[in-house]
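Notes for the one structure printed next.
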DNA sequence: CTCCCGATAT
DNA sequence: ATATCAGGAG
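In my numbering, the protein residues as written are 24 to 233.
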């Protein structure tokens, strides 16, 4: 079967088993999603969601974060790991948003990438979930599953992103990535993938020798 | 390529 | 003990 055809079949099954696939981070506005996503680097969403309610009660907007004390912010986000980099990035990010973008999260890739600590993964997530702009969100799950499913043979997230863009219909991009992450957490896990129970095993060669 | 880094699963 | 978690910068 053609790889595009196979992707569509997988999406059909994903739509049935993950009908409500969306972002697992809790947020109430664009800035909160931007910051929660930065905190989610090498950290589970679950842990981020344990930290953000207090965080967003304490810092209510870009101005509050821009004027935060670095050491204090470090302590506020410590459980998410990489806390020194993340605290510095969040403050730098919010200063730029206040000074150059009128206090609002930019709505385009070019400007989002200017923000410290924001790469293509974070930018594509914000574009997709906030502004409705289709984007391939390549995180650790999407990269791993894409390789296992034969959608790419690259490790480089940017190459994975462009391979997926060629295979998937544009309007499916954002939702498909959320579904891949759900699937990665439930079946196609990094350590002990549960191929025998996988709903798309007939469309994937990865666990074929068991 | 390395570094950042705490928490949990295996 | 080690791998891994919705990455990004130098």
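The C-beta atom is built at its ideal place from N, Cα and C for all residues, glycine as well.
Judged by DSSP secondary structure, residue 229 falls outside any alpha helix (DSSP H); it is assigned neither H nor E. In summary, residue 184 is buried, with 16 or more beta-carbon neighbours lying within 10 Å of its beta-carbon over all protein chains present. If the five residues before and after residue 129 are omitted, its C-beta is found closer than 6 Å to the C-beta atoms of 135, all from its own chain and listed in chain order.
For residue 204, same chain residues with a beta-carbon under 6 Å away, outside a window of 5 residues either side, are 164 in chain order. Boundaries of the alpha helix (DSSP H) around residue 94: 93-100. For residue 207, the closest C-alpha among the options 37, 132, 181 is that of 37.
Non-local beta-carbon contacts of residue 33 in its own chain, meaning distances under 6 Å to residues more than five positions away in sequence, involve 223, 226 in chain order. Under the DSSP assignment, residue 31 falls in the alpha helix (DSSP H) whose first and last residues are 26-40. In this structure the segment 119-126 does not touch the segment 163-180; the number of beta carbon pairs closer than 8 Å is below three.
Below 8 Å, too few C-beta pairs join the segment 209-224 and the segment 47-65 to call them touching: fewer than three. With respect to the 9 Å criterion, residue 85 and residue 56 are not classified as neighbours on the basis of their beta carbons. For residue 158, there is no enclosing alpha helix (DSSP H), since its DSSP letter is neither H nor E. Separation of the CB atoms of residue 174 and residue 30 is rounded to 7 Å, and the pair is thereby assigned contact status at 8 Å.
In this structure, the alpha-carbon of residue 35 lies about 43 Å from that of residue 96.
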